[in-house]
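Chemist: Shown below is the structure under consideration.
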Amino acid sequence: MSISINNLTFSYSKSPDDLVLNIKHWQLHEQENLFIHGPSGCGKTTFLNLISGLLTTSNDSIKVLQRSMNEMKGSEIDSFRAKNIGYIFQTFNLIPYLSPIENIKIACQFSKNNVSQSSIKQMLSDLHLEAKTWHKATHFLSMGQKQRVAIARALINQPKLIIADEPTSSLDEKNRDIFMSLLMEQTEKLNCALLLVSHDTSLSQYFSRVESFNDINTAGSL
Amino acid sequence: MILTLASKSLLNRKGSVLLTIIAISVSLFVLLAVDHLRQQTKQGFASTISGTDLVVGSRTSSINLLLYSIFHIGTPTANLSWKAYQNFNSHPQIAWTIPISLGDSHKGYRVMGTNDDFFLHYNFGNKHPLSFSAGDKFNDTFDVVLGSEVAQQLNYKINDPIVLSHGLVSTSFSNHDQYPFKIIGILNSTGTPVDQTLYVTLKGIEAIHKNWQNGKKQNEDLTPKNITAFMLGLTSRMATFDVQRDINQYAQEPLTAILPGVALSELWHIMGSVEQVLKLISYLVILASLLGLSAMLVASINERRQEIHLLRIIGAPPSYIFLIIELEAILIALIGTGLSLLALTSALIAFQSTLTAEFGLHLSANLFSMNNLLILGLVQIAAIIAAAIPAAMAYRSAQHSIKH
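Protein chains in written order, with the working numbering: chain A, 240 to 461; chain B, 13 to 416.
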């Protein structure tokens, strides 16, 4: 099981009336590809932050890769995340003043994973990034190129889980299609689970399992 | 990797980082320059006179006497008579004396009338005697011996004739033209006011003044009536206070005898408060520049929230974020320190000859004293402390780097 959630409630304030999340039971299987769609502001990012350990709950309601998130200490969660979870955002996936290669190396540093320069370059060319972009600061790259470097950054440590939060929302149609097919191709190669969250329902075509976030989260619905 | 991250992040913010570096190096420049000047002046003053037990002049304050007789700063208030000088010259507890007669100049350099005892007994630094780089001591009434700086700056050689002027201005109208002096010796460099002085015989001084005043010329008694001051060495140091009392209580004439070391420390005591104020100001300037560093980093953290969030997502612990900010501060402080040392060293080298000529200050361009290293070390620590505020902010931001 990649993720399993039982009786999760979460709110930013102390009052129990302001629940952001209320999830009875939800699971993501190993190597499963899941697309969750939902409008913005419905708690999707909070949900993802809880799974990645940036937010914590007081009870034992979230298990990621068989480990209970509230059992780990802060530093343990950080290195657990570095090793096991690859994250892709809508924007700002890369340190703008570092090159693609340096960005990927930083990710390897936190996972204490010794990845050779050549395997980084191999990955970048698998993602159709030309060699002339490898050593340029990433703020010179186009949005499409940046998102493809972000895939490389997320996958370099061979994580068991990829979380993508609106990864295509800054891309045009053509780049979105390139991005999605490369992402699906790479996750399949790695045999990892993929959890993609977006408001764009047209992405459903790539996934075997599709859910609406409002079906998962009952908070706010009376 | 963290170093690459910190340095590339600084390069990415060239403008503000460069200004901060300049602010730090300017403030360090001020601090180091003030401190260096202070140390070097003290050292210069202390090394100017050595082995002299007492300095004697007509009644005046000890600091004034010390400054005009030894350092040639300011003007003598009154002279003492040749008779009084002779009287103490034969004092049983006094081993040697050096007469000093001031008042003339040559192209802006002071002229001091004295006798051969000066070259025998005057010591500088750590009891170094004077030595000649060319020529020898006085041989004739109109012989002149040059300090090394005078010879070098005015490009004089042995046997060149020179003319003295009355008073101290190089454009003086009253030149003693009819009496050219002949250069007989040139002293080795000492790093003291000796280098900027011309030495002539007492008789030579007397001769030019007599004839300048009266228009007469030859064959007169050239024994001086007055001298400005004299230095003396004792047969035994134990006698210092006895002899000092003898001189101060000399019935014929009001005289002052001072211990050069004591007078110097009196001078430092007066200068002390000025020094403290200068030090305080330069430390405040440093503080201001470090606060500037802190402010720059605080501003940068607000711009870098996304970057911090990203680093957290890929597994950086909050302590890593803290470390990056500290590392950036240390890099800035180190570069600022390097720049200030470079700037001050080049300034010292560039202005060395001007400072020597104008103020008689010999400044070493070597800044690597224990004291300076300590100051620079403390500044690095202060930079680390100043960066703790923004680093802690970044740490907190890293702990709660959640976009709702």
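Glycine residues also receive a C-beta, built at the ideal position from the N, C-alpha and C atoms.
If Asn76(B) sits next to Gly63(B), beta carbons under 8 Å apart, how far is it from one beta carbon to the other, in whole angstroms?
Modeler: Counting from one through the second sequence, the residue named residue 76(B) turns up at place 64. Counting from one through the second sequence, the residue named residue 63(B) turns up at place 51. About 22 Å separates the two Cβ atoms, so there is no contact after all.
Chemist: On the DSSP letters alone, give me the boundaries of the alpha helix (DSSP H) that Val388(A) sits inside.
Modeler: Position 149 of the first sequence, counting from 1, holds the residue named residue 388(A). Where Val388(A) is concerned, the enclosing alpha helix (DSSP H) stretches over 382-394.
Chemist: Looking only at C-alpha atoms, which of Leu79(B), Asp233(B), Leu142(B) sits nearest to Thr153(B)?
Modeler: One-based indexing of the second sequence puts residue 153(B) at position 141. Closest option to Thr153(B), Cα to Cα, is Asp233(B).
Chemist: Could one say the Cβ of Lys415(B) lies closer than 8 Å to chain A's Cβ atoms, at least one of them?
Modeler: The sequence position of residue 415(B) within the second sequence is 403, counting from 1. Below a pLDDT of 50, predicted positions are generally treated as unreliable, and Lys415(B), at 40, falls in that range; the measurement from the model is reported next regardless. Yes, contact with chain A.
Chemist: Could you check what DSSP says for Glu450(A) in three-state terms: helix, strand or coil?
Modeler: For this step, residue 450(A) is matched to residue 211 along the first sequence. Reduced to three states, the DSSP call for Glu450(A) is strand.
Chemist: Should His374(A) be labelled buried (16 or more other beta-carbon atoms within 10 Å of its own) or exposed?
Modeler: The residue given as residue 374(A) occupies position 135 in the first sequence. Per the 10 Å Cβ criterion, exposed.
Chemist: Take Ser160(B) as the anchor and find which of Ile313(B), Leu142(B), His412(B), Ile326(B) has the nearest alpha-carbon.
Modeler: The count along the second sequence starts at 1 and reaches residue 160(B) at position 148. For the residues Ile313(B), Leu142(B), His412(B), Ile326(B), the minimum Cα distance to Ser160(B) belongs to Leu142(B).
Chemist: Which residues, in chain order, does the region 317-328 of chain B contribute to contact with chain A at a C-beta distance below 7 Å?
Modeler: Cβ contacts with chain A come from Gln318, Glu319, Leu322, Arg324, Ile325, Ile326, Gly327, Ala328.
Chemist: Following the continuous beta strand (DSSP E) through Gln411(B), name the residue where it begins and the one where it ends.
Modeler: As a first step, residue 411(B) is located in the second sequence; it is residue number 399 there, counting from the start. That residue, Gln411(B), is in no beta strand (DSSP E); its alpha helix (DSSP H) goes 400-411.
Chemist: At the 8 Å Cβ level, is Arg32(B) part of the contact set with chain A, yes or no?
Modeler: Mapped onto the second sequence, residue 32(B) falls at position 20. Here residue 32(B) is Thr; the residue named in the question, Arg, does not match the sequence. No, because no Cβ of chain A sits closer than 8 Å to the Cβ of Thr32(B).
Chemist: Would you mind listing the beta strand (DSSP E) stretches within the region 217-305 of chain B that are 3+ residues and don't spill past its ends, in chain order?
Modeler: Correct list: 241-246, 267-270.
Chemist: Looking at C-beta atoms only, is the number of pairs between the region 306-318 of chain A and the region 327-344 of chain B that lie closer than 8 Å three or more?
Modeler: Contact holds: three or more Cβ-Cβ distances are below 8 Å.
Chemist: Does Asn314(B) come out as helix, strand or coil in the three-state DSSP assignment?
Modeler: As a position in the second sequence, residue 314(B) is number 302, starting the count at 1. The answer is helix: DSSP assigns Asn314(B) an H, G or I state.
Chemist: Can the beta-carbon of Gly304(B) be found less than 8 Å from the beta-carbon of Thr32(B)?
Modeler: In the second sequence, the residue the question calls residue 304(B) occupies position 292. In the second sequence, the residue the question calls residue 32(B) occupies position 20. Yes, the pair counts as a contact, with Cβ atoms nearer than the cut-off.
Chemist: Please identify the residue among Leu386(B), Leu323(B), Leu296(B), Asp65(B) whose C-alpha is closest to the C-alpha of Ala35(B).
Modeler: Indexing the second sequence from 1 puts residue 35(B) at position 23. Among Leu386(B), Leu323(B), Leu296(B), Asp65(B), the Cα nearest to that of Ala35(B) belongs to Leu296(B).
Chemist: So what does Trp108(B) bridge to, in DSSP terms?
Modeler: Counting from 1 along the second sequence, the entry for residue 108(B) is found at position 96. Its beta-bridge partners are Gly245(B).
Chemist: Along chain A, which residues have their Cβ under 7 Å away from the Cβ of Met13(B)?
Modeler: Translated into positions along the second sequence, residue 13(B) becomes position 1. What Met13(B) touches in chain A: Lys344, Ile345, Gln348.
Chemist: Tell me which residues share the same chain as Tyr168(B) and place their Cβ nearer than 8 Å to its Cβ, disregarding the 5 neighbours each side in the sequence.
Modeler: To locate residue 168(B), count along the second sequence from 1; it is residue 156. So the list reads Leu158, Val162, Ile174, Ile195, Ile198, once near-sequence residues are dropped.
Chemist: Near Asp207(B), which residues of its chain fall below 7 Å by C-beta distance, leaving aside the five closest residues on each side in sequence?
Modeler: Taking the second sequence and counting its residues from 1, one reaches residue 207(B) at position 195. If we look at Asp207(B) and ignore the five residues flanking it on each side, its Cβ neighbours are Gly159, Ser160, Glu161, Ser201.
Chemist: Mind checking if Asn453(A) is an interface residue toward chain B, Cβ cutoff 8 Å exclusive?
Modeler: As a first step, residue 453(A) must be located in the first sequence, where it is residue number 214. No, its Cβ sits nowhere closer than 8 Å to a Cβ of chain B.
Chemist: Is the CB-CB distance between Glu341(A) and Thr16(B) below 8 Å?
Modeler: Reading the first sequence from its first residue, position 102 is the one you call residue 341(A). Reading the second sequence from its first residue, position 4 is the one you call residue 16(B). For Glu341(A) and Thr16(B), yes; Cβs fall inside 8 Å.
Chemist: Would you kindly work out how many angstroms separate the C-alpha atoms of Thr248(A) and Leu258(A), rounded to a whole number?
Modeler: For the purposes of this step, residue 248(A) is taken as residue 9 along the first sequence, with counting starting at 1. For the purposes of this step, residue 258(A) is taken as residue 19 along the first sequence, with counting starting at 1. One C-alpha to the other measures close to 7 Å.
Chemist: Give the secondary structure of Ile244(A) by DSSP, where H, G and I count as helix, E and B as strand, and everything else as coil.
Modeler: Taking the first sequence and counting its residues from 1, the one referred to as residue 244(A) is at position 5. If DSSP states are grouped into helix, strand and coil, Ile244(A) belongs with the strands.
Chemist: On the DSSP letters alone, give me the boundaries of the beta strand (DSSP E) that Leu294(A) sits inside.
Modeler: As a first step, residue 294(A) must be located in the first sequence, where it is residue number 55. Note, Leu294(A): premise wrong, no beta strand (DSSP E); not H, not E.
Chemist: Taking any Cβ of chain B, which residues in the region 412-438 of chain A have a Cβ under 8 Å from it, in chain order?
Modeler: Listed by position along the chain: nothing, the set is empty.
Chemist: Is it a yes or a no for the region 116-130 of chain B touching the region 263-271 of chain B, going by three-plus beta-carbon pairs under 8 Å?
Modeler: No, the region 116-130 of chain B does not touch the region 263-271 of chain B.
Chemist: Return the CA-CA distance between Gln411(B) and Thr426(A), expressed in angstroms with no decimal places.
Modeler: Here residue 411(B) refers to the residue found at position 399 when the second sequence is read from its first residue. Here residue 426(A) refers to the residue found at position 187 when the first sequence is read from its first residue. Using only the alpha carbons, I get a separation of about 30 Å.
Chemist: Rounded to whole angstroms, what's the CA-CA distance from Ala341(B) to Asn456(A)? Just pull it up for me.
Modeler: In the second sequence, counting from the first residue as 1, residue 341(B) sits at position 329. In the first sequence, counting from the first residue as 1, residue 456(A) sits at position 217. Rounded to whole angstroms, Ala341(B) to Asn456(A) spans 45 Å at the Cα level.
Chemist: Quick one: what does DSSP say Met124(B) is sitting in, helix, strand or coil?
Modeler: Your numbering for residue 124(B) matches position 112 in the second sequence. Strand, per DSSP.
Chemist: According to DSSP, what are the bridge partners of Leu199(B)?
Modeler: Residue mapping note: residue 199(B) aligns to position 187 of the second sequence, counting from 1. Partner(s): Phe144(B).
Chemist: Could you check how far apart the C-beta atoms of Pro205(B) and Trp94(B) are, in whole angstroms? I think they sit under 8 Å.
Modeler: As a first step, residue 205(B) is located in the second sequence; it is residue number 193 there, counting from the start. As a first step, residue 94(B) is located in the second sequence; it is residue number 82 there, counting from the start. That pair is no contact at about 25 Å.
Chemist: Nearer than 7 Å: is that true of the beta carbon of Thr126(B) relative to any heavy atom of the ligand ZN?
Modeler: In the structure on display, the ligand ZN does not appear, and there are no ligands present to speak of.
Chemist: Would you kindly work out how many angstroms separate the C-alpha atoms of Cys418(A) and Ser358(B), rounded to a whole number?
Modeler: Your numbering for residue 418(A) matches position 179 in the first sequence. Your numbering for residue 358(B) matches position 346 in the second sequence. For the record, residue 418(A) in the displayed sequence is Phe; it is not Cys. C-alpha separation (whole angstroms): 57 Å.
Chemist: Find the residues of chain B that neighbour Glu369(A), judging by a C-beta separation of less than 9 Å, and give them in chain order.
Modeler: As a position in the first sequence, residue 369(A) is number 130, starting the count at 1. Within chain B, no residue comes near Glu369(A); the closest Cβ sits about 22 Å away, beyond 9 Å.
Chemist: Would you tell me roughly how many angstroms separate the C-alpha atoms of Leu276(B) and Gly284(B), rounded to the nearest one?
Modeler: The sequence position of residue 276(B) within the second sequence is 264, counting from 1. The sequence position of residue 284(B) within the second sequence is 272, counting from 1. Near 12 Å, if we compare the C-alpha coordinates of Gly284(B) and Leu276(B).
Chemist: Could you name the residues of the same chain whose beta carbon sits closer than 6 Å to that of Arg122(B), not counting the 5 residues immediately before and after it, in chain order?
Modeler: Mapped onto the second sequence, residue 122(B) falls at position 110. Excluding sequence neighbours, Arg122(B) sits near His84, Thr209.
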